[in-house]
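Heads up, the sequence shown is in the working numbering, so the first residue is 8 and it goes up one at a time. Glycine is no exception: its CB is placed at the ideal position from the N, C-alpha and C atoms. Let me begin by presenting the structure, written as structure tokens, before commenting on it.
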Amino acid sequence: GAGPCAATARDQLLGPLRRAAGRGLTAGVHVRRGDACERFGDEGDPTLRACYPAGAYAAALRRMRRTYGVQRVAVATDSPTVVGELRRLLPGFAVEALAFDRHRLGGAENATLGRRAPAAFIENRADLDARHALVTFLADLELLAAADVFVGTAGTTIGRVGLGVAAARTAGRPKFGFHAGRAGGNDWEAGARAAVRVRRWSAFFFCFFCRVVL
Numbered sequence: 008g009a010g011p012c013a014a015t016a017r018d019q020l021l022g023p024l025r026r027a028a029g030r031g032l033t034a035g036v037h038v039r040r041g042d043a044c045e046r047f048g049d050e051g052d053p054t055l056r057a058c059y060p061a062g063a064y065a066a067a068l069r070r071m072r073r074t075y076g077v078q079r080v081a082v083a084t085d086s087p088t089v090v091g092e093l094r095r096l097l098p099g100f101a102v103e104a105l106a107f108d109r110h111r112l113g114g115a116e117n118a119t120l121g122r123r124a125p126a127a128f129i130e131n132r133a134d135l136d137a138r139h140a141l142v143t144f145l146a147d148l149e150l151l152a153a154a155d156v157f158v159g160t161a162g163t164t165i166g167r168v169g170l171g172v173a174a175a176r177t178a179g180r181p182k183f184g185f186h187a188g189r190a191g192g193n194d195w196e197a198g199a200r201a202a203v204r205v206r207r208w209s210a211f212f213f214c215f216f217c218r219v220v221l
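Next comes the structure, spelled out in structure tokens:
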């Protein structure tokens, strides 16, 4: 079972970043790539699931710094390369992420570009290491929930749930930006306004999920 063992493994992953907490305003960022990307950016078939370049997230984070004084970036991602990309694009920010092997999550980056491949999505396949996927999922959600502001995409469950938990933690609406691309007709700000409608249900789902799994 996943119970206390999953909780212990999650806490071990979070330990170093928890000790660094409180050193300036933190932006939580969720970047899903891997098996989720049927197209990259807003070009191509709008019905395909989109991923976005690190530069799109970096631009939003710079706006967050100008507006709110963000100094730290906590990255939740299934990509082995995104953290390095953001560090190169964001000099002057402290960019941090949980230390685990993201190759073990399955789904090589760009493997599904240009194809409809639902059987390859993590929701529909049998992972070789389901425990690793569960523990890192829970740890990344907690990482996002502890942030002061949030940047992500409106099309990802972990992004919406992470924002919902942050809203529940702060008893309000944290500052955030969602990017949904042309398919949703939203930019970072408009996507955020649409997504806020689901934040209370997202928070409920996360609390229920943790209670069942942990």
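query                                                                                                                                                       : result
Work out the CA separation of Thr163 and Pro60 for me, nearest whole Å.                                                                                     : 15 Å
Among His37, Val158, Gly76 and Leu96, whose alpha-carbon lies nearest the alpha-carbon of Ile165?                                                           : His37
Relative to the C-alpha of Gly31, which residue among Val168, Tyr75 and Val90 is closest?                                                                   : Tyr75
What would DSSP say about Val222, mapped onto helix, strand or coil?                                                                                        : Outside the modelled stretch of the chain, which goes from 8 to 221, sits residue 222, for which no answer is possible.
Inspect the beta-carbon positions of Thr33 and Ala154 and report whether they are closer than 8 Å.                                                          : yes
In this structure, does DSSP put Thr164 in helix, strand or coil?                                                                                           : helix
Can the beta-carbon of Ala83 be found closer than 8 Å to that of Gly51?                                                                                     : no
Rounded to whole angstroms, what's the CA-CA distance from Thr160 to Gly169? Just pull it up for me.                                                        : 11 Å
Less than 8 Å between the beta carbons of Glu96 and Ala65, yes or no?                                                                                       : Looking at the sequence provided, one finds Leu at residue 96 rather than Glu. Their beta carbons are under 8 Å apart, which means Leu96 touches Ala65 by this criterion.
Where Val77 and Arg56 are concerned, what is the direct C-alpha to C-alpha distance, given to the nearest angstrom?                                         : 29 Å
Going by DSSP in three states, Gly46 sits in which element: helix, strand or coil?                                                                          : At residue 46 the sequence reads Arg, which differs from the Gly that was named. It is a strand residue.
Which residue or residues does DSSP assign as beta-bridge partners of Arg100?                                                                               : Checking the sequence shown, residue 100 turns out to be Phe, not Arg. Bridge partners of Phe100: none, in fact.
Any idea what DSSP makes of Gly31, helix, strand or coil?                                                                                                   : coil
Pull up the distance between the alpha-carbon of Phe47 and that of Leu145, whole angstroms please.                                                          : 26 Å
Sorted by chain position, which residues of the same chain lie with C-beta nearer than 6 Å to Ala104's C-beta, five sequence neighbours on each side aside? : Val82 and Val90
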